[in-house]
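All remarks here apply to the structure that follows.
In the UniProt record's numbering, the protein residues as written are 1 to 207.
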């Protein structure tokens, strides 16, 4: 039933949150990436229902505005990123980590954030004893030489979600990732199909 509902909601353009995730008795980290404006209400739903203690966003906060190619759209970007930041900062999350993407404006984000930790390229963060290397770019993750065992990134499918030896790689563009802090279990939820459409569709670039 849960699988059917997940697919049904995905076709409708929404995220289905299974009951077992609602009943988790551990604090969690929510990892998302490359978010489009039509996904913002689902972000609000995720943070309201799951109540993550920490949020990691690995860049391209408004991915349907390709700011790298549309620099004149920075005003529209700032308006829309404000909505997303208000959703995340208005949640129960104690801290929000953001790694800037190629379609982000660090000046706009810095000017709007109050409890975000922002990195421009790559950083290693520590959450209650868990070292996590975060970057928007898979290439930077593949070049990493530190001692982190968990990796969060986005941007492309160049590096997939997988476990290699004792290292956990989580691609935030292919799935919404939920990690329990105590037991370090990983749960994945699919993005609605319309999110992928807006990420890729040329006609949506400046919305």
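Note that beta-carbon positions come from the ideal geometry of N, C-alpha and C, so glycine has one too.
Since we're looking at a predicted model, the values are computed, not measured.
Taking 3 residues as the shortest admissible run, the segment 83-157 contains the following complete beta strand (DSSP E) segments, listed from N- to C-terminal end: 95-99, 116-119, 122-127, 130-135 and 150-153. Secondary structure of residue 58 (DSSP, three-state): coil. In chain order, 21 and 178 place their CB closer than 7 Å to the CB of residue 187, counting only its own chain and leaving out the 5 sequence neighbours on each side.
Residues of the same chain with a CB within less than 6 Å of the CB of residue 117, apart from the 5 flanking positions on each side, are 97 in chain order. A distance below 7 Å separates the beta carbons of residue 77 and residue 105. In the three-state reduction of the DSSP assignment, residue 22 falls in the helix class. Following the DSSP letters along the chain, one finds residue 15 in no alpha helix (DSSP H), marked with neither H nor E. Per the DSSP secondary-structure output, residue 162 pairs in a beta bridge with 169. Excluding residues up to 5 positions away in sequence, 131, 166, 167 and 168 lie with their Cβ nearer than 7 Å to the Cβ of residue 149 in the same chain. Excluding residues up to 5 positions away in sequence, 33, 34, 35, 101, 102, 103, 104, 136, 154 and 155 lie with their Cβ nearer than 8 Å to the Cβ of residue 60 in the same chain. In this structure, residue 176 lies near residue 189, with their beta-carbon atoms less than 7 Å apart.
The beta-carbon separation of residue 172 and residue 58, rounded to 5 Å, stays under the 8 Å limit for a contact. Residue 110 and residue 73 have their alpha carbons spaced roughly 17 Å apart. When DSSP states are grouped into helix, strand and coil, residue 180 belongs to the strand group.
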